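Using the numbering used here, read the sequence shown as starting at 15 and increasing by one per residue. Notes for the one structure printed next.
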Amino acid sequence: MYPALPIVGIKSSQSSSHVGVAEARLLDSRRRTYVGNVYLALPGLEQGTRWVGLKHPSPARHETASSSQFFASAPASVLAHCTTPSAVVQMSGGKQYASQAWMQERHDAMANRREWRRMGFRDALEIVPLPPTAGAQGRRYMSQRPAWTPGGELPWEDFDGPRPKHSGPGVFGGHVYAQAPLAAARAVEEDERRTASSSGSTDGRKIGIHSIQGVFTNPGLGDRPFIYDVSTIAAGRSFSARLVHARQPKQASKAADGPYPPSDAQLPLNDICFSCITTFKRAVPSHDDMQMARSAQERYAHVLSTRPVEEWDLCPQSDVDIVKALFPNAGHGAFPVLDMHKVDMSEYNGDKAVPERRELIFYRLLEPLPRDDANAHILCHAFEADRNGLIMCGNHLGYGYNLGTAASLSYSFYVHVNPDEAVMDGDGWWLQEVSWPRVSAGRCMMESRLWSPEGKHVASGYQDGIIGPERKKGEAPSKL
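See the structure below:
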């Protein structure tokens, strides 16, 4: 019923015969679903090996099997293969656990996994204007909904053991990275309306986001709003720039699930957690239009043509190898704004150095946005480009089962086209092409190219952040 099932998660325990007891999780590689777990005895496992595991069920039936039916690639390995999923392996102490019935139960449970409410851009990233503070210039805005937390909707209640590192210490950074420029955009749009009202005429050319230069300084918290202070750097007719500082109250909101009450904005604020300069440029005709000779869709056609977009796995809630192995294809969870599918590039990447490897992610809007709100569409692209990037690099560097620090430091995003050309209308799938051309000094630089369904290079993102394996005991922390 289930062919050659990969097993991950090794736990060793003391045994007079020096046989480690491994708690293994079975994954159906064909159906890409979780099907159960077993306990098996493997000789040679070192005592005290790090492990991950699940609570076992009450046995439904009993079958026996020899531990020779299982093999590991190396002692203390976290990868192995099972030749038969219905096997039951004897634990130290003489207990036996049947797996077939529970496997089917878990398989059915995954098929009927909980559905989470997912919000579109307008709800998830909604901001409201605030009264200006005394003596302050510029505008203020407050978020209305909690930011999404990577891995927060995974079924951790089934998990028994130390929870593996699966994200940074705060909420998804793409939330504040998109919402702070949204505050800047709404301020610029309000200035445009006031200018048009006072002069009685409009330029007629849309002004849209041209770039975002962001710096992350503190983790964001999911139980309180972000407060955005927007100030003007430059305000020309064809080019303008706004500075935005994001802070959060020192205490959680009484409406932690949102929408947040206006009184939250009156609470004492923590230090700045994110700052960005957002530049805006008015649309102009393109005298020249050049890009790479072949789009991502053309260069990777041999991979992309193997299946429809919807048949690629959903983008993992947390793209860390060990988490994906524990919760394979667990669904979007409550991830807002976009539908995203990750292409399997393992065969393409197999023999390449890390800087030459690629990851491809298809995405499109979860809910339609007005076509005339081009800045909102642009920010959906920026929101997408921050998803899972650094931790995907960690997998390629070999940190997928012992991830330590992973945190964005700075992120620059550039729109290469006029605002209308970044609008996502219809059902076409946009494509993110991700690479990591430089890794050094405990940091990784990620490059993203965003391609329209027609193969136009619309935008690029460049992100630099800390990435490293888990420190061993006694090892000095990074100076970063």
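C-beta atoms are modelled at their ideal positions from N, C-alpha and C, and glycine is treated no differently. These figures come from a predicted structure and were not determined experimentally.
Grab me the residues of residue i's own chain with a C-beta within less than 6 Å of its C-beta, minus the 5 sequence neighbours each way, in chain order.
| i | result |
| --- | --- |
| Asn409 | Asp335 |
| Glu484 | Asn416, Gly418 |
| Ala88 | Legend: pLDDT at Ala88 = 25, less than 50; position of this residue unreliable, no value from coordinates given. |
| Thr293 | His224, Ser225, Ala255 |
| Ser424 | Val229, Asp478 |
| Phe130 | Residue identity differs from the one stated: residue 130 is Trp in this sequence, not Phe. So the list reads Glu167, Gly347, Ala348, once near-sequence residues are dropped. |
| Phe341 | Leu168 |
| Pro282 | Lys264 |
| Val185 | Ala161, Thr163, Gly234, Gly236 |
| Arg208 | none |
| Val323 | His355, Phe376, Trp443 |
In the DSSP output, which residue or residues are listed as bridge partners for residue i?
| i | result |
| --- | --- |
| Ile291 | Gln227, Leu257 |
| Val429 | Ala473 |
| Glu11 | Residue coverage of the chain in this structure runs from 15 to 494, which leaves residue 11 outside it and unanswerable. |
| Asp243 | Arg154, His259 |
| Ala315 | For Ala315, which the question treats as bridged, DSSP gives no partner whatsoever. |
| Leu235 | The partner list for Leu235 (beta bridge, DSSP) is empty, contrary to what the question assumes. |
| Leu144 | Arg154 |
| Leu417 | Pro483 |
| Leu328 | His355 |
| Trp444 | Tyr377 |
When DSSP labels each residue in this structure, what does residue i get in the three-state scheme?
| i | result |
| --- | --- |
| His346 | coil |
| Thr320 | coil |
| Ile405 | helix |
| Leu423 | strand |
| Leu380 | coil |
| Pro369 | helix |
| Glu484 | coil |
| Asp478 | strand |
| His355 | strand |
| Ala297 | coil |
| Ala138 | helix |
| Ile221 | strand |
| Leu340 | helix |
| Ile286 | coil |
| Leu411 | coil |
| Ser252 | coil |
| Arg44 | In this prediction, Arg44 has a pLDDT of 35, which is less than 50 and means its spatial position is unreliable; what the coordinates show is noted afterwards. Coil, per DSSP. |
| Ser309 | coil |
| Ser454 | strand |
| Leu393 | helix |
| Tyr274 | coil |
| Glu303 | Per the sequence shown, the amino acid found at residue 303 is Asp instead of Glu. The answer is coil: DSSP assigns Asp303 none of H, G, I, E or B. |
| Ser2 | In the structure displayed, the chain extends from 15 to 494; residue 2 sits before or after that span and is not available. |
| Gln265 | coil |
| Ser360 | helix |
| Thr98 | Reliability fails at Thr98, whose pLDDT of 30 lies under 50, so the model's placement of it is uncertain and the value that follows must be treated cautiously. Reduced to three states, the DSSP call for Thr98 is coil. |
| Asp205 | helix |
| Glu129 | coil |
| Asp439 | coil |
| Asp434 | helix |
| Asp335 | helix |
| Glu398 | helix |
By Cβ distance, which residues of its chain are closer than 7 Å to residue i, with the 5 residues on each side in sequence left out?
| i | result |
| --- | --- |
| Ala388 | Lys220, Gly222, Pro433, Asp434, Ala436, Val437 |
| Ala473 | His395, Phe427, Tyr428, Val429, His430, Ala436, Leu464 |
| Lys338 | Pro330 |
| Lys486 | none |
| Glu206 | Ile221 |
| Asp271 | Pro160 |
| Ala279 | Leu144, Met156, Ile241 |
| Arg132 | His346, Ala348, Phe349, Pro350, Leu380 |
For residue i, which residues of its own chain have a beta-carbon under 8 Å away from its beta-carbon, when the five flanking residues on both sides are left out?
| i | result |
| --- | --- |
| Pro146 | Gly152, Arg153, Arg154 |
| Arg372 | Tyr314, Met359, Tyr362, Asn363, Glu447, Val448, Ser449 |
| Asp285 | Thr231, Asn232, Arg261 |
| Glu312 | Gly469 |
| Phe253 | His224, Thr293, Phe294, Lys295, Arg296 |
Between residue i and chain D, is the shortest Cβ-Cβ distance under 8 Å, so that the two count as touching?
| i | result |
| --- | --- |
| Thr419 | Looking for chain D here will not work: only one protein chain is present. |
Handout entry: At least three beta-carbon pairs within less than 8 Å, the segment 248-262 to the segment 302-311
Key = no
Exercise for the section: Please go through the segment 148-201 and give each complete beta strand (DSSP E) segment of 3 or more residues, from N-terminal end onward. Expected result: 153-157
Practice task
Answer yes if the segment 424-432 comes into contact with the segment 352-369, meaning at least three C-beta pairs across the two stretches below 8 Å, and no otherwise.
Solution key: no
Exercise for the section: Would you check if there are 3 or more beta carbon pairs closer than 8 Å linking the segment 190-207 to the segment 240-250? Expected result: yes
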